[in-house]
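So the structure is just underneath, and the comments pick up after that.
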Amino acid sequence: MSQIDTLPPLRSVIASHGLSARKSLGQNFLLDLNLTAKIARHVSTLSESDVLEIGPGPGGLTRGLLAEGARRVLAIEKDSRCIPALQEIAAAYEGRLTVIEGDALEVDPLAHLSQPIQIAANLPYNIGTELLVRWLTPPAWPPFWDSLTLMFQREVAERIVARPGSKAYGRLALLAQWRCDAAIVLSLPPEAFTPPPKVSSAVVHLKALPAPRFEANAKTLERVVARAFNQRRKMLRAALKGLAPDLEDRLIAAGIKPTERAETVGLEQFCALARALDS
Ligand code: SAM
0 MSQIDTLPPL RSVIASHGLS ARKSLGQNFL LDLNLTAKIA RHVSTLSESD
50 VLEIGPGPGG LTRGLLAEGA RRVLAIEKDS RCIPALQEIA AAYEGRLTVI
100 EGDALEVDPL AHLSQPIQIA ANLPYNIGTE LLVRWLTPPA WPPFWDSLTL
150 MFQREVAERI VARPGSKAYG RLALLAQWRC DAAIVLSLPP EAFTPPPKVS
200 SAVVHLKALP APRFEANAKT LERVVARAFN QRRKMLRAAL KGLAPDLEDR
250 LIAAGIKPTE RAETVGLEQF CALARALDS
């Protein structure tokens, strides 16, 4: 196996720093540096970008990003045990890695980053969806980041790229696809991780579009989509009841049959409905 850098193998790093994986922190580590370098190669314009990495752990993906040429990496890690191991990487890649010990849900990374910014992470599964939704619903668009390259459980990855009519189609697909190009770029079996999780994983690449695919007010669209999929088996005239007194007329104005269910309605129609509700 080819070496991507001169630092010790990740198994030695884990042994010397006592980094036994903790389930409570969603720790399933990637120890194959060729694999982490492969993931890093999916990050858009890596060598011209600052990269925000959430949950670097012992630093497998961090090393992949740096070895593949990231301009700078800002890594936010909650587990204090990992910080000394990450500082060793920072010393080897002088001036290119900043490590912050903290909770990614609390830390504001922007003060430490310069544009263009890409986000890359093998996300802790317990906060992965919450972070993704935050990144997809900023107060203004375009967001602070250009692209997201994120590892998820396969089932979550499928929800992000899902099309109408499929079981996976829902709020996450609509939020992601309204303002991004989204694709699964890599699939990984449980054995790729230490310890192996129960399910397969996949890397999703999301590229922010300069403007939303279809016009709509973000808050209205989010509210409609959340309501529609909260009761996905119900007809929309029932699931969205109370959103407007003349709801059925507005559904028809948006080209949606009031008897349709959310799972068959496409993004363009949901945007038309958001506009009809705001008009
Ligand atoms: N990136 C490493 C890799 O690929 O081997 C580790 C990935 S592991 C799935 C998730 C990492 O996120 C762990 O290192 C864990 O400690 C960290 N983590 C969990 N919750 C976090 C949070 N709220 N903020 C920052 N890091 C967190």
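Per numbering that gives the first Met the number 0, numbering through the sequence shown is continuous, rising by one, with the last residue being 278.
Ideal Cβ placement from N, Cα and C applies to all residues, glycine included.
Return the bridge partner residues of ASN121 from the DSSP annotation. Looking up residue 121 in the sequence shown gives position 122. BP columns for ASN121 point to MET150.
Own chain residues within Cβ distance below 6 Å of THR148, not counting five before or after: Indexing the sequence shown from 1 puts residue 148 at position 149. Taken in chain order, the residues that qualify are HIS41, VAL42, ALA119 and HIS204.
Is ILE152 near the ligand SAM - that is, is its Cβ less than 7 Å away from at least one heavy atom of it? Within the sequence shown, the letter at position 153 stands for residue 152. Here the sequence assigns Gln to residue 152, which means Ile is not the residue at that position. Every heavy atom of the ligand SAM is 7 Å or more from the Cβ of GLN152, so no.
For SER76, the three-state DSSP class (helix, strand or coil): Position 77 of the sequence shown, counted from the first residue, corresponds to residue 76. Ser is not the amino acid found at residue 76; the sequence shown has Glu there. Correct three-state label for GLU76: strand.
The region 139-158 touching the region 205-213, judged by at least three CB pairs closer than 8 Å: yes
Bridge-paired residues (DSSP) for ILE53: Position 54 of the sequence shown, counted from the start, is the residue given in the question as residue 53. ILE75.
Between which residues of its own chain and ASP277 is the CB-CB distance below 7 Å, once the five residues before and five after are set aside? Walking along the sequence shown from the start, residue 277 turns up at place 278. Once the five neighbours on either side are set aside, the close Cβ partners of ASP277 are ASN216 and THR219.
Test item: CB-CB of LEU104 and GLU129 under 8 Å: Counting from one through the sequence shown, the residue named residue 104 turns up at place 105. Counting from one through the sequence shown, the residue named residue 129 turns up at place 130. Their beta carbons are under 8 Å apart, which means LEU104 touches GLU129 by this criterion.
Among GLN2, VAL12 and LEU30, nearest to LEU187 - alpha-carbon criterion: Reading the sequence shown from its first residue, position 188 is the one you call residue 187. Relative to LEU187, the option among GLN2, VAL12 and LEU30 whose CA is nearest is LEU30.
Should GLY17 be listed as close to the ligand SAM, given that the test is whether its C-beta is under 7 Å from any heavy atom? Here residue 17 is taken as the residue at index 18 of the sequence shown, counted from 1. Flag unset: Cβ of GLY17 not near the ligand SAM.
Grab the span of the beta strand (DSSP E) containing ASP180 for me, first residue to last. Mapped onto the sequence shown, residue 180 falls at position 181. Residues 179-187.
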